[in-house]
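Report on one structure; see the data block that follows.
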Amino acid sequence: MTDAAPYLTADGLRADAVARVRTDTDLRPEVALVLGSGLGPLADEIDAVAEIPFAELPGFAPTTAPGHAGTLVLGLLDGRPVVAMRGRLHPYDGVPPAQVAFPVRVMHALGASRLLVSNACGGLDPHWRAGDLMLQLDFINATGRSPLVGPNDDRLGPRFPVAFDAYDPEYLQRVRAAARRLDVPLREGVYLAISGPAYATRAELRAFRAWGADAIGMSTVYEVLAARHEGMRVVGLSTVTDMALPDVAHHADHEEVLRVAGESGAAFRRLVRAVVPDL
465 MTDAAPYLTA DGLRADAVAR VRTDTDLRPE VALVLGSGLG PLADEIDAVA EIPFAELPGF
525 APTTAPGHAG TLVLGLLDGR PVVAMRGRLH PYDGVPPAQV AFPVRVMHAL GASRLLVSNA
585 CGGLDPHWRA GDLMLQLDFI NATGRSPLVG PNDDRLGPRF PVAFDAYDPE YLQRVRAAAR
645 RLDVPLREGV YLAISGPAYA TRAELRAFRA WGADAIGMST VYEVLAARHE GMRVVGLSTV
705 TDMALPDVAH HADHEEVLRV AGESGAAFRR LVRAVVPDL
């Protein structure tokens, strides 16, 4: 048995976490939201019936990243029952990948069959700029680890899930249509995840761009893999909070990332609220 095992079964910690949520509310969410760095204010727009700190949920762990409050919010967003993570875990938090993805499994067990995952990222395409929104078309897992390593519980999903079309093609079209309707500029690209917490080197950035990546971050891929393992339909949005270009003199720090995420937050929230009713 590995350290990932407790997070990879329908029993135990998952059932305990669901039971803890049910002591506060019997709301059955349809859509799960993961709100990344600086994007948590969307949770304030949810008509909440419960907000539970990660510390009170079995199997969850506190997030160490600034800008991640670390609470689970349940309620209605424009009339749609949702569950939202205000903040998330990351590979660099020092927990197994299966635990990083564990909250998604709990949200699915609560009833959510759709996942909208978001993040702050660095832009690798030199034609982009900080503040852009990006629709995730695909991902590259450059962390070298997977949240599915360990014993497989066939009640949750197959031993060898297919990662083709991890992001739902129909949902991609719905996000594009919503962006056009709202006149919100929307980039599209491939998201690459590293484990962090150090930002990538110049040589790594050149290599990742050559691989076909358009944006880089330290999250998301574990959650998407776990969601697809359980059969959830997934769509991903990124806020490009800095330009991760190898041949410039300056690289943004986390304070700048949070500032740009905040400045782009209004457009992000408008787009998400337009999309959620159609998922």
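If you number the sequence shown the way our numbering does, the last residue is 743 and the count never jumps.
Just so you know, even glycine gets a beta-carbon here, dropped at the ideal spot from N, CA and C.
Neighbour-count burial assignment, residue i, 16 or more Cβ in a 10 Å radius
| i | result |
| --- | --- |
| Val-685 | buried |
| Pro-590 | exposed |
| Val-712 | exposed |
| Ala-481 | buried |
| Glu-634 | exposed |
| Pro-545 | buried |
| Met-465 | Unreliable positioning characterises Met-465 in this predicted model, as indicated by a pLDDT of 41, which lies under 50. The coordinate reading is nonetheless provided below. Exposed is the call here. |
| Phe-624 | exposed |
| Asp-542 | exposed |
| Asp-678 | buried |
| His-572 | buried |
| Gly-523 | buried |
| Gly-586 | buried |
| Pro-622 | exposed |
| His-714 | exposed |
| Gly-500 | buried |
| Ala-641 | exposed |
Neighbourhood of residue i by C-beta distance below 6 Å, restricted to the same chain and skipping five residues each side
| i | result |
| --- | --- |
| Val-557 | Looking at the sequence provided, one finds Asp at residue 557 rather than Val. For Asp-557, where only same-chain residues beyond five positions count, the Cβ hits under 6 Å are Thr-528. |
| Ala-716 | Asp-706 |
| Asp-580 | The residue asked about is misnamed: residue 580 is Leu in this sequence, not Asp. Counting only Cβ-Cβ distances below 6 Å, and skipping sequence neighbours, we find Leu-497, Val-699. |
| Leu-599 | Val-639, Leu-650, Glu-652 |
| Val-740 | Val-495, Leu-541, Arg-544 |
| Ala-512 | Val-537, Gly-539 |
| Thr-489 | Val-513, Ala-514, Leu-538 |
Same chain, Cβ closer than 8 Å to residue i, neighbours up to 5 away in sequence not counted
| i | result |
| --- | --- |
| Arg-666 | Pro-710, Asp-711 |
| Phe-672 | Leu-588, Ile-604, Ala-606, Leu-656, Ala-664, Ile-680 |
| Leu-689 | Ala-565, Asn-605, Ser-610, Pro-611, Leu-612, Pro-625, Ala-627, Ala-630 |
| Met-682 | His-554, Pro-555, Tyr-556, Ala-657, Ile-658, Ser-659, Gly-660, Pro-661 |
| Met-696 | Ala-496, Val-568, His-572, Ala-576, Ser-577, Arg-578, Leu-579 |
| Leu-601 | Tyr-631, Leu-636, Glu-652, Gly-653, Val-654 |
First through last residue of the beta strand (DSSP E) which encompasses residue i
| i | result |
| --- | --- |
| Val-681 | For the record, residue 681 in the displayed sequence is Gly; it is not Val. Run containing Gly-681: 679-681, per the beta strand (DSSP E) assignment. |
| Arg-550 | 544-550 |
| Asp-706 | 697-707 |
| Gly-539 | 535-541 |
Cutoff 7 Å; reference residue i; Cβ partners in own chain excluding five residues on either side
| i | result |
| --- | --- |
| Leu-521 | Ala-481, Arg-484, Leu-536 |
| Leu-646 | Arg-734, Leu-735, Ala-738 |
| Ala-474 | Asp-617, Arg-619, Leu-620 |
| Pro-526 | Phe-518, Ala-519, Gly-534 |
| Gly-614 | Thr-466, Ala-468, Ala-469, Leu-472, Ala-562 |
| Glu-720 | Asp-706 |
| Gly-676 | Val-654 |
Unbroken alpha helix (DSSP H) run spanning residue i, endpoints
| i | result |
| --- | --- |
| Asp-480 | 477-486 |
| Gly-558 | Unbroken run through Gly-558: none, as it is neither H nor E. |
| Leu-553 | Careful: Leu-553 lies outside any alpha helix (DSSP H) and carries neither H nor E. |
| Gly-729 | 718-739 |
| Tyr-686 | 685-693 |
| Leu-669 | 666-675 |
Inset, instruction - Examine the Cβ distances between the stretch 728-740 and the stretch 693-705 and report whether three or more of them are shorter than 8 Å. - result: yes
Inset, instruction - Quick one: which unbroken beta strand (DSSP E) runs of 3-plus residues sit fully inside the stretch 489-520? Chain order, please. - result: 495-499, 511-517
Inset, instruction - Mind listing, in chain order, the continuous alpha helix (DSSP H) runs of no fewer than 4 residues lying wholly within the stretch 567-650? - result: 633-646
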